[in-house]
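**Q**
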């Protein structure tokens, strides 16, 4: 079990700096007209095919009450309203989430290359162990089948379906669908962008093609970690899938006519993060929710995050 799995929600909130800004998720739709403060970290790779501005919006971190002990707080929140807890948990990327970068983004010195690879191998081993512990924990007996089935083969098709659904809903201004497939934090931000659009403005969206098929889509991370060290704490299941696609957007006026020159097309690589929560009492899994996209891991960023995790563990 990785050391990061010992961190509670509050500690994860403090480390959660890698969730992408909405403009980086769908730069075709998010413009500077939204009244939110910019945030500077790019978290997906995009290759624009035409000049267009890409803004970023700052997420606000959920607040966790600190008046009661962590054990009492966890028991109250989980037993009282698992759905509410799930909404908050899926707004936070798990610490030590490693997204293997493209070779073009690897550090040039050989020593740094080997160091990054060694960290990746260690994290993949920790992921496998953590996932195995979860599976074994769902066995009602030594010789009985596990109650929880991971179904890894379904993760990439699920990621593609969620990605298409969210993009189409954002273009159409479909708030119900956005609330259904996105985490609360991401949904609130995307809805604010929809509300900020000029009256009568509509968009059409099309996924033209999946690109770089030899490399994408690919499963970058698949982790299961308990929310805390308490017994029967809910388990967060988080997946990151890299998707390379060509997308097209067109803008329509109030009369439903395409605005001349509004059609834009771009190639984008997105590391889509989505998650769910597993109830260890029933081993039922909540619906998948998109958490955002995150940038590929760099050696410098990884070492800094590792240092922060170690400091937080010492303080607990």
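Numbering (full-length UniProt numbering), first residue to last: 1 to 316. Using N, Cα and C, we set each Cβ at its ideal position, and we do this for glycine too.
1) If we count the other Cβ atoms within 10 Å of its Cβ and call it buried at 16 or more, is residue 213 buried or exposed?
2) Looking at the unbroken alpha helix (DSSP H) that takes in residue 137, where does it start and where does it end?
3) Is the number of C-beta pairs between the stretch 215-225 and the stretch 91-104 that are closer than 8 Å three or more?
4) Looking only at C-alpha atoms, which of 218, 255, 306 sits nearest to residue 269?
5) Taking the alpha-carbon positions, what's the residue 259 to residue 135 distance?
6) Spatial neighbours of residue 283 within its chain, please: C-beta separation below 7 Å, excluding the five flanking residues on both sides.
7) Residue 285 to residue 202, Cα distance in whole Å?
8) Based on the DSSP secondary-structure assignment, which residues constitute the bridge partners of residue 205?
9) Check residue 237 in the structure and name its three-state DSSP category.
10) Can you give the Cα-Cα distance for residue 340 and residue 289, rounded to whole angstroms?
11) Distance check for residue 301 and residue 113, CA to CA, integer angstroms please.
12) When burial is assigned at 16 or more other CB atoms within 10 Å of the CB, is residue 220 buried or exposed?
13) Run through DSSP, which three-state label would residue 185 get?
14) So, using beta-carbon positions, are residue 186 and residue 256 closer together than 8 Å?
15) Kindly indicate the opening and closing residues of the alpha helix (DSSP H) around residue 292.
16) Name the DSSP beta bridge partners of residue 264, please?
17) As a quick exercise: from 105, 126, 173, 157, pick the residue whose alpha carbon is nearest that of residue 252.
18) Excluding the 5 residues flanking residue 208 on each side, which residues of the same chain have their C-beta closer than 8 Å to its C-beta?
19) May I ask you to check if the CB of residue 302 is nearer than 7 Å to at least one heavy atom of the ligand FMN?
20) Would you kindly check if the distance between the Cβ of residue 275 and the Cβ of residue 132 is under 8 Å?
21) Nearest to residue 99 by alpha carbon, out of 194, 168, 117, 182?
22) Which word fits residue 110, buried or exposed, when buried means at least 16 other C-beta atoms lie within 10 angstroms of its C-beta?
23) Just curious, the beta strand (DSSP E) that residue 296 is in, first and last residue?
24) Would you identify the three-state DSSP class for residue 190, choosing helix, strand or coil?
25) Report back the beta-carbon spacing between residue 123 and residue 241 to the nearest angstrom; my notes put them in contact at under 8 Å.
26) Using three-state DSSP, classify residue 53 as helix, strand or coil.
27) Keeping to the same chain, check which residues put their C-beta closer than 6 Å to that of residue 250; ignore five residues upstream and five downstream.
28) In its own chain, which residues sit with a C-beta less than 7 Å from the C-beta of residue 191, not counting the 5 before and 5 after it?
29) Have a look at residue 317 and residue 198 and give me their C-alpha separation to the nearest angstrom.
30) Going by Cα to Cα distance, which pick from 267, 280, 312, 299 is closest to residue 140?
31) Mapping the DSSP letters down to three states, classify residue 230 as helix, strand or coil.
**A** From the atom records:
1) So residue 213 ends up on the exposed side.
2) Its alpha helix (DSSP H) spans residues 110-137.
3) As far as the Cβ criterion goes, the stretch 215-225 touches the stretch 91-104, which means the pair count is three or higher.
4) Looking at the Cα atoms, 218 is the closest of the given residues.
5) Straight-line Cα distance between these residues: approximately 53 Å.
6) If the five residues before and after residue 283 are omitted, its C-beta is found closer than 7 Å to the C-beta atoms of 138, 147, 148, all from its own chain and listed in chain order.
7) Answer to the nearest angstrom: the Cα atoms are 35 Å apart.
8) According to DSSP, which records beta bridges pairwise, residue 205 is partnered with 249.
9) Three-state result, residue 237: strand.
10) There is no way to answer for residue 340, as the model of the chain reaches only from 1 to 316.
11) Rounded to whole angstroms, residue 113 to residue 301 spans 14 Å at the Cα level.
12) It counts as buried.
13) Correct three-state label for residue 185: helix.
14) Their beta carbons are not under 8 Å apart, which means residue 186 does not touch residue 256 by this criterion.
15) Residue 292 -> not in any alpha helix (DSSP H); beta strand (DSSP E) instead, spanning 289-293.
16) DSSP, once it has assigned bridges, lists 249 as partnering residue 264.
17) Out of 105, 126, 173, 157, 173 has the C-alpha closest to the C-alpha of residue 252.
18) The answer, listed in chain order, is 245, 246, 247, 248, 265.
19) What this structure holds is no ligand at all, so the ligand FMN is not there to describe.
20) Their beta carbons are not under 8 Å apart, which means residue 132 does not touch residue 275 by this criterion.
21) Residue 117 is the option with its Cα nearest to residue 99.
22) Exposed, because fewer than 16 other Cβ atoms sit within 10 Å of the Cβ of residue 110.
23) The continuous stretches of beta strand (DSSP E) do not include residue 296, and DSSP gives it neither H nor E.
24) Here residue 190 sits in helix by DSSP.
25) In this structure residue 123 does not touch residue 241 by the C-beta definition: roughly 17 Å separates them, more than the 8 Å allowed.
26) Unreliable placement is indicated for residue 53, whose pLDDT of 35 sits below 50; no coordinate value is reported for it.
27) Closer than 6 Å at the Cβ level, and outside the excluded window around residue 250, lie 204, 258, 262, 263.
28) Exclusion of the five residues before and after residue 191 leaves 175, 178 as the residues of its chain whose Cβ lies within less than 7 Å of its Cβ.
29) No answer is possible for residue 317: it lies beyond the span of the chain, which begins at 1 and ends at 316.
30) When C-alpha distances from residue 140 are compared across 267, 280, 312, 299, the shortest belongs to 280.
31) DSSP, reduced to helix, strand and coil, places residue 230 outside both helices and strands of the structure shown, so it counts as coil.
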